[in-house]
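What follows is a set of notes on a single structure, which appears directly below.
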Amino acid sequence: MEVINILLHGKTGAGKSTFINAFTNYFKFNSFDNAIFGDLDVLITFKFTITNNDYEMKMITVIGDKDKFDIVNTVDKSSTQVCDLLSHLHKSAKVNIVFCFTNTGGTFFCPGDTFPILQRQLQELKENFEIEIKIGRNIIYCFDNESFRIPAVKKEEMMFTDDEKRNFASS
3 MEVINILLHG
13 KTGAGKSTFI
23 NAFTNYFKFN
33 SFDNAIFGDL
43 DVLITFKFTI
53 TNNDYEMKMI
63 TVIGDKDKFD
73 IVNTVDKSST
83 QVCDLLSHLH
93 KSAKVNIVFC
103 FTNTGGTFFC
113 PGDTFPILQR
123 QLQELKENFE
133 IEIKIGRNII
143 YCFDNESFRI
153 PAVKKEEMMF
163 TDDEKRNFAS
173 S
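Residue numbering for the sequence shown is 3 to 173, as defined by our numbering.
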């Protein structure tokens with residue numbers, strides 16, 4: 003099996019763990035309906051809050067398979083530390099870097115307010131380490147992982163309207 007290393011950077015609750023779990027299941031299931039009725043692969047334990055039609059909030063926690071994967075979750079790293087980490091990669095690795103933004107449904111599947119932060123970090127990388135990563139449409143991906151959260155709550159017997167299900171499936 004080929005080894006793939008993934009570096010995700012973002013504050014707690016940004017959607018990093020949900021993204022990895024969702025990404026895995028996007029390859030496993032060929033449709034939203036199959037994911038709802040199938041067994042999800044959960045690589046990393048994750049939690050989120052969902053509100054039902056009576057506006058009652060419920061915390062959902064889905065336990066991951068911690069024996070299969072090496073997960074390093076380091077909280078509160080500064081942008082300088084991220085630049086330092088990237089500086090240790092061989093310069094040729096920059097052609098393999100892509101930027102994935104989570105929770106972008108509210109920004110019309112665009113990076114939104116986080117994009118200037120990324121630009122600033124990449125400028126620091128260029129100035130401090132002479133590594134230039136040009137960002138553009140070809141290396142930016144925007145996701146909203148509601149389509150993964152819904153199958154994760156199926157055991158909670160929450161009901162969703164047909165409109166909600168269509169919105170989840172299209173995200």
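Cβ atoms here follow ideal geometry from the backbone N, Cα and C, with glycine treated the same way. Quick caveat, the model's predicted, so the values are computed rather than measured.
Q) When you compare each of 31, 8, 151, 34 to residue 105 by their alpha carbons, which one comes out closest? A) Position 103 of the sequence shown holds residue 105. Of 31, 8, 151, 34, the residue nearest in Cα terms is 151.
Q) Helix, strand or coil for residue 155 per DSSP? A) The sequence position of residue 155 within the sequence shown is 153, counting from 1. Residue 155 falls in the coil class under three-state DSSP.
Q) Do you know how far the Cα of residue 31 is from the Cα of residue 95? A) Looking up residue 95 in the sequence shown gives position 93. Looking up residue 31 in the sequence shown gives position 29. Approximately 30 Å, taken between the alpha carbons.
(Q) For residue 21, report the span of its alpha helix (DSSP H) as first-last. (A) Here the question's residue 21 lines up with position 19 in the sequence shown. Segment 18 to 30, the alpha helix (DSSP H) holding residue 21.
Q. So, do the stretch 13 to 24 and the stretch 46 to 56 have three or more beta carbon pairs nearer to each other than 8 Å?
A. yes
Q) Since residue 3 sits in a beta bridge, which residues does DSSP pair it with? A) Here residue 3 refers to the residue found at position 1 of the sequence shown. Paired residues: none, contrary to the question.
Q. Leaving out five residues before and five after residue 60 in sequence, what residues of the same chain have Cβ atoms less than 6 Å from its Cβ?
A. For the purposes of this step, residue 60 is taken as the residue at position 58 of the sequence shown. Counting only Cβ-Cβ distances below 6 Å, and skipping sequence neighbours, we find 52.
Q: With a threshold of 7 Å, establish whether the CB of residue 96 neighbours any heavy atom of the ligand ADP.
A: This structure lacks the ligand ADP, and indeed carries no ligand of any kind.
(Q) On the CB-based measure, 16 or more other CB atoms within 10 Å of its CB, does residue 146 come out buried or exposed? (A) The sequence position of residue 146 within the sequence shown is 144, counting from 1. Looking at its Cβ environment, which holds 16 or more other Cβ atoms inside 10 Å, residue 146 is buried.
**Q.** Beta-carbon gap between residue 21 and residue 10 smaller than 8 Å
**A.** Position 19 of the sequence shown, counted from the start, is the residue given in the question as residue 21. Position 8 of the sequence shown, counted from the start, is the residue given in the question as residue 10. Yes, they are a contact pair.
**Q.** DSSP bridge partner residues for residue 143 (one or two, in chain order)
**A.** To locate residue 143, count along the sequence shown from 1; it is residue 141. 102.
Q.
Could you check whether the stretch 137 to 144 touches the stretch 108 to 125, counting it as contact only if at least three pairs of C-beta atoms, one from each stretch, sit closer than 8 Å?
A. yes
Q) So residue 116 is in the beta strand (DSSP E); what residue range does that whole segment cover? A) Here residue 116 refers to the residue found at position 114 when the sequence shown is read from its first residue. Residue 116 -> not in any beta strand (DSSP E); alpha helix (DSSP H) instead, spanning 116 to 131.
Q: Please state if the CB of residue 65 and the CB of residue 154 are separated by a distance shorter than 8 Å.
A: In the sequence shown, residue 154 corresponds to position 152, counting from 1. In the sequence shown, residue 65 corresponds to position 63, counting from 1. No, Cβ-Cβ distance for residue 154 and residue 65 is not below 8 Å.
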